[in-house]
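Novice: I have a structure here, written as structure tokens, and I will follow up with some questions on it.
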Amino acid sequence: MVGAAITRVGAIVRLGQEQWQREQQQPLLKSFGVHIWRSSRTLHKFGLSSRSMAKSAIAEVENGEFKRSPSSYRSFISRSADAEFPPEAGRYHLYISYACPWASRCYMFLKLKGLDHAIGLTATKSMWVKTKEDPTDEHYGWGFPADDEEEPGAKPDPLNGAKFVRDLYDIADPTFSGKYTVPILWDKKKKTIVNNESSEITKMLNDEFNDIAKHPEVTLFPEHLKSKIDEVNSWTYNSINNGVYRCGFATQQGPYDKAANELFEALDKCEDILSKQRYIAGNEFTEADVRLFVTLIRFDEVYVVHFKTNRKCIREYPNLFNYTKDVYQIPGVAETVVMPHIKGHYYRSHPTINKYKIISVGPNIDYSAPHDRDRFHISSL
Ligand SMILES: N[C@@H](CCC(=O)N[C@@H](CS)C(=O)NCC(=O)O)C(=O)O
Numbered sequence: 001m002v003g004a005a006i007t008r009v010g011a012i013v014r015l016g017q018e019q020w021q022r023e024q025q026q027p028l029l030k031s032f033g034v035h036i037w038r039s040s041r042t043l044h045k046f047g048l049s050s051r052s053m054a055k056s057a058i059a060e061v062e063n064g065e066f067k068r069s070p071s072s073y074r075s076f077i078s079r080s081a082d083a084e085f086p087p088e089a090g091r092y093h094l095y096i097s098y099a100c101p102w103a104s105r106c107y108m109f110l111k112l113k114g115l116d117h118a119i120g121l122t123a124t125k126s127m128w129v130k131t132k133e134d135p136t137d138e139h140y141g142w143g144f145p146a147d148d149e150e151e152p153g154a155k156p157d158p159l160n161g162a163k164f165v166r167d168l169y170d171i172a173d174p175t176f177s178g179k180y181t182v183p184i185l186w187d188k189k190k191k192t193i194v195n196n197e198s199s200e201i202t203k204m205l206n207d208e209f210n211d212i213a214k215h216p217e218v219t220l221f222p223e224h225l226k227s228k229i230d231e232v233n234s235w236t237y238n239s240i241n242n243g244v245y246r247c248g249f250a251t252q253q254g255p256y257d258k259a260a261n262e263l264f265e266a267l268d269k270c271e272d273i274l275s276k277q278r279y280i281a282g283n284e285f286t287e288a289d290v291r292l293f294v295t296l297i298r299f300d301e302v303y304v305v306h307f308k309t310n311r312k313c314i315r316e317y318p319n320l321f322n323y324t325k326d327v328y329q330i331p332g333v334a335e336t337v338v339m340p341h342i343k344g345h346y347y348r349s350h351p352t353i354n355k356y357k358i359i360s361v362g363p364n365i366d367y368s369a370p371h372d373r374d375r376f377h378i379s380s381l
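Under the UniProt record's numbering, the sequence shown has 345 at position 345, and the numbering climbs by one with no breaks.
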């Protein structure tokens with residue numbers, strides 16, 4: 001059981017995603033009442049796509065600054081009577097990489113809600129590989145192993161026999177030309193992608209499967225903390241979760257400096273908040289903690305070196321470090337942290353950052369070591 005750390009308010013609330021989506025999806029063009037969004041999925045609906053556009057996030061740089069494009073599939077699983085995607089045990093499958101912080105958010109929800117018996121899970125290999133033999137197609141991305149032995153933890157695709165995550169996007173829509181990202185919430189019945197946006201998948205896992213979940217009482221979006229969660233997410237997304245990528249994928253000094261300054265300002269702010277309360281949105285464990293945790297757990301092992309986020313390590317912040325251990329020790333969470341995949345991915349998948357794919361030796365932190373967070377009271381209703 002996740003225990004008292006997680007509140008038991010059942011109400012369904014809309015989270016700060018809406019604000020995030022608004023920020024992410026500024027229309028490129030608005031004419032004749034039609035928005036043409038930055039999303040390439042929408043672009044190809046307008047006949048503007050081409051296979052040669054296949055690219056990964058590291059190529060999403062404008063004037064030296066990393067600009068993440070929004071996710072492409074945004075349908076919702078819903079309990080409403082006329083839902084296109086109703087919640088059904090055994091119908092949906094989550095494709096993830098253990099390396100990916102966004103996918104790990106979803107995996108954490110799967111564990112914390114007790115949904116692993118109802119929604120299948122497959123993890124890709126950690127290192128990006130070439131996804132087409134065609135020499136003119138330069139895309140590298142997530143691949144599935146041939147068997148269970150190729151890389152511990154990675155599994156062959158049990159549903160479609162796909163060799164690459166890219167193949168799943170091609171099955172769902174042969175004309176797709178956006179980014180081939182994980183997580184993917186896959187519908188076995190319709191053989192398509194329901195949603196590939198972690199902040200929405202987590203919402204569905206929290207709210208829509210409560211007739212199936214082993215822990216329906218667990219909610220990571222407690223009603224009374226809704227606006228606080230939104231407020232926290234509004235700055236942690238840009239400065240921390242995406243902030244580390246803005247540091248790592250920057251190709252000019254100015255954008256890197258800006259991202260790094262914003263990142264450490266936000267971490268200082270977290271340190272201050274966590275000196276006064278157990279979790280980031282209050283004394284209850286919420287979705288805002290899941291978001292923060294997935295970045296913090298990768299920080300000292302990867303981002304400090306690979307993304308040059310080295311003004312300070314998380315282990316130099318007493319509250320953030322103890323908080324990371326605290327969250328790691330919530331039952332179910334440690335299983336979602338597969339460090340060989342995390343390190344094996346970042347250091348070996350971005351040749352423009354780390355040409356020789358050498359994996360750094362340290363620091364090998366023991367997150368199961370004792371923490372001091374019990375000094376705070378945990379609220380439960
Ligand atoms: N906004 C997406 C981001 C997902 C994402 O960027 N995933 C990365 C892995 S950490 C990915 O699959 N990248 C593949 C690529 O960039 O080609 C979400 O939160 O689900």
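Glycine included, each C-beta is placed from N, C-alpha and C at the ideal position.
Bear in mind that the values here come from a model prediction, so they are computed numbers and not experimental data.
#1: Assuming Asp326 is part of the alpha helix (DSSP H), what are its boundary residues?
#2: Would you kindly work out how many angstroms separate the C-alpha atoms of Asp366 and Asn242, rounded to a whole number?
#3: Sort out for me which residues DSSP pairs Lys130 with in a bridge.
#4: Please report the residue range of the alpha helix (DSSP H) in which Tyr245 lies.
#5: Helix, strand or coil, according to DSSP, for Phe376 in the structure here?
#6: Between Tyr347, Leu263 and Tyr169, which has its C-alpha nearest Cys313's C-alpha?
#7: Could you tell me if Lys191 is buried or exposed, where buried requires 16 or more neighbouring beta carbons within 10 angstroms of its beta carbon?
#8: Any idea if His377 is buried or exposed, counting beta-carbon neighbours within 10 angstroms, 16 or more meaning buried?
#9: Grab me the residues of Asn322's own chain with a C-beta within less than 7 Å of its C-beta, minus the 5 sequence neighbours each way, in chain order.
#10: Output the residue ranges of the alpha helix (DSSP H) runs that lie fully inside the region 284-310 and measure 4 residues or longer, sorted by chain position.
#11: For Gly362, count neighbouring C-beta atoms within 10 Å of its own C-beta (all shown protein chains included) and say buried if the count is 16 or more, exposed if not.
#12: Going by C-alpha to C-alpha distance, which of Ser368, Thr352 and Tyr347 sits closest to Ile358?
#13: Please classify Thr309 as buried or exposed, where buried requires at least 16 neighbouring CB atoms within 10 angstroms.
#14: Please tell me whether, using a cut-off of 8 Å, the distance from the CB of Ala57 to the nearest non-hydrogen atom of ligand 1 is below it.
#15: Quick one: what's got a C-beta closer than 7 Å to Trp102's C-beta in the same chain, skipping five residues either side?
#16: Can you check whether the CB of Ile342 is closer than 9 Å to the CB of Phe307?
#17: Would you list the residues sitting across from Leu205 in a DSSP beta bridge?
#18: Can you find the residues in the same chain that come closer than 7 Å, C-beta to C-beta, to Lys228, ignoring five residues on each side of it along the sequence?
#19: Who are the Cβ neighbours of Glu287 in its own chain at under 7 Å, not counting the five residues just before and after it?
#20: What does DSSP give as the partner residues of Glu65 in its beta bridges?
#21: Does the beta carbon of Val182 fall short of 8 Å from some heavy atom of ligand 1?
#22: Can you list, in chain order, the residues of its chain with a C-beta nearer than 7 Å to that of Glu335? Leave out the 5 residues immediately preceding and following it.
#23: How far does the beta strand (DSSP E) with Asn195 in it extend, from its first residue to its last?
#24: Candidates His215, Gly254 and Ser239: which alpha carbon is nearest Gly332's?
#25: I need the boundaries of the alpha helix (DSSP H) containing Tyr107, first residue and last residue.
#26: When you compare the CB positions of Ala259 and Glu65, do they come within less than 9 Å of one another, or not?
#27: Pull up the distance between the alpha-carbon of Asp211 and that of Asn319, whole angstroms please.
#28: What would DSSP say about Arg348, mapped onto helix, strand or coil?
#29: Pull up the distance between the alpha-carbon of Arg51 and that of Asn196, whole angstroms please.
#30: Should Ser360 be listed as close to ligand 1, given that the test is whether its C-beta is under 8 Å from any heavy atom?
#31: Using DSSP bridges, identify the partner residues of Leu185.
#32: Is Arg68 near ligand 1, with its Cβ less than 8 Å from a heavy atom?
#33: If we call anything under 9 Å between Cβ atoms a contact, is Arg68 one with Tyr180?
#34: Given a cut-off of 9 Å on the beta-carbon distance, is the pair Val305 and Ser104 in contact?
#35: Looking only at its chain, what residues have a beta carbon closer than 8 Å to the beta carbon of Leu115, apart from the 5 residues adjacent to it on each side?
#36: Say the cut is 8 Å; is the CB of Glu197 nearer than that to a heavy atom of ligand 1?
Specialist: From the atom records:
#1: For Asp326, the enclosing alpha helix (DSSP H) begins and ends at Pro318 to Tyr328.
#2: In a straight line, the C-alpha of Asp366 is about 25 Å away from that of Asn242.
#3: In the DSSP assignment, the residues bridged to Lys130 are Tyr140.
#4: Here the alpha helix (DSSP H) through Tyr245 covers Gly243 to Gly248.
#5: Three-state result, Phe376: coil.
#6: Closest option to Cys313, Cα to Cα, is Leu263.
#7: Per the 10 Å Cβ criterion, exposed.
#8: If you draw a 10 Å sphere on the C-beta of His377, you find fewer than 16 other C-beta atoms in it, and that means exposed.
#9: Answer for Asn322: His371, Asp372 and Arg373, listed in chain order.
#10: Complete alpha helix (DSSP H) runs here, min 4: 287-298.
#11: With a threshold of 16 other beta carbon atoms within 10 Å, Gly362 falls short and is exposed.
#12: Comparing C-alpha distances from Ile358 to each of Ser368, Thr352 and Tyr347 shows the shortest one belongs to Tyr347.
#13: When all chains shown are included, Thr309 counts as buried.
#14: Closer than 8 Å to some heavy atom of ligand 1: that describes the Cβ of Ala57.
#15: Here the set comprises Pro183 and Ser198.
#16: Contact: no.
#17: Paired residues: none, contrary to the question.
#18: Around Lys228: Ala281 and Gly282.
#19: So the qualifying residues of the chain are Leu15, Thr202, Leu220, Phe221 and Ile229.
#20: DSSP, once it has assigned bridges, lists Glu62 as partnering Glu65.
#21: Yes, the beta carbon of Val182 sits closer than 8 Å to at least one heavy atom of ligand 1.
#22: Cβ contact annotation for Glu335 (same chain, cutoff 7 Å, sequence separation greater than five): Lys111, in chain order.
#23: Boundaries of the beta strand (DSSP E) harbouring Asn195: Thr192 to Asn195, taken from the DSSP string.
#24: Among His215, Gly254 and Ser239, the Cα nearest to that of Gly332 belongs to His215.
#25: For Tyr107, the enclosing alpha helix (DSSP H) begins and ends at Pro101 to Lys113.
#26: It is a contact, given that the beta carbons lie within the stated cut-off.
#27: Spanning the alpha carbons of Asp211 and Asn319 requires a straight line of approximately 37 Å.
#28: It is helical.
#29: Reliability of the predicted coordinates at Arg51 is poor, the pLDDT of 41 falling under 50, and the value obtained from them is presented with this limitation in mind. Distance between the alpha carbons of Arg51 and Asn196 is about 20 Å.
#30: Using a cutoff of 8 Å, the CB of Ser360 does not count as near ligand 1, since none of the ligand's heavy atoms is closer than that.
#31: Residue pairing by DSSP places Leu185 opposite Leu94 and Asn195 in a beta bridge.
#32: Checking every heavy atom of ligand 1 against the Cβ of Arg68, one is found closer than 8 Å.
#33: Against a cut-off of 9 Å, the Cβ pair of Tyr180 and Arg68 comes out as no contact.
#34: With respect to the 9 Å criterion, Val305 and Ser104 are not classified as neighbours on the basis of their beta carbons.
#35: Within the same chain, Leu115 has close Cβ partners Phe109, Leu205, Phe209, Ile212, Ala213 and Lys214.
#36: Yes; taking the cut-off as 8 Å, the Cβ of Glu197 has a heavy atom of ligand 1 nearer than that.
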